[in-house]
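Notes follow once the structure below has been shown.
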Amino acid sequence: MIRALQEGLIKMTASNWPTCFYEDGIYDPENKAKGLFHGHTTFQFYTHLFIGPSAAATNTIISNTSKMLKNCAWGLTKVTPSIIAYAHVMLYFTLSTAPHWCSNVSLMDLSEMTWRILEMFKDQDDWTRDTLTWWNSYEFILASHSLN
């Protein structure tokens, strides 16, 4: 499959989620939503962007107590579908070979990817609730609010 993708026989579109978007990088063709948006790499990327680089590098909640955590400074109280979409699109772009920001990375339209991720959260079904709970269940969110 990788060879076909590299040779352009399979077109990569925003509806084809990269395996790094899945928990443990495992895609289940029988249950395409299983583990989707639960990837460790994306969560580390989120931590880097929204908590701080030191926290992501050391897997700690508080890495420099002299600075307010970014999510607190920005008034963020929870992870939302928009934040999840942003983290995934930025990770995808960062892992690409694009030399500078662009809306398309090869055949992948990053704007379309953003909207498709947000679309996944429109229904308030079990998957949506479970995914948002997963993102918001980490201890650092509670700890970050106690620093204010």
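The sequence shown lines up with residues 112 to 259 when you count with my numbering. Each residue gets a CB set at the ideal place from its N, CA and C atoms; glycine is no exception.
Would you tell me roughly how many angstroms separate the C-alpha atoms of residue i and residue j, rounded to the nearest one?
i	j	result
Ile137	Thr239	19 Å
Lys104	Thr130	Summary: the structure shown does not reach residue 104, with the chain confined to residues 112 through 259, and so no result is reported for it.
Leu229	Ser193	7 Å
Glu134	Val216	23 Å
Thr153	Leu221	16 Å
Lys189	Phe232	15 Å
Asn127	Leu206	16 Å
Leu243	Phe204	23 Å
Asp236	Ser214	30 Å
Ser255	Leu160	Summary for Ser255: the model assigns pLDDT 46, below 50, so the residue's position carries little reliability, and this model does not support an answer.
Pro140	His199	20 Å
Leu147	Arg227	13 Å
Thr225	Gly163	23 Å
Leu218	Asn142	25 Å
Check the DSSP bridge columns for residue i and list the partner residues they point to.
i	result
Met219	Val216
Tyr133	Leu147
Out of the options, which has the shortest C-alpha to C-alpha gap to residue i?
i	options	result
Leu187	Met231, Trp128, His149, Tyr157	Tyr157
Glu223	Lys143, Pro140, Ala196	Ala196
Leu202	Glu141, Gln155, Asn142	Gln155
Gly150	Lys143, Phe132, His199	Phe132
Asp241	Ala198, Trp226, Thr191, Arg227	Thr191
Original post:
With a cut-off of 8 Å, do at least 3 Cβ pairs link the stretch 241–248 to the stretch 202–218?
Top reply: no
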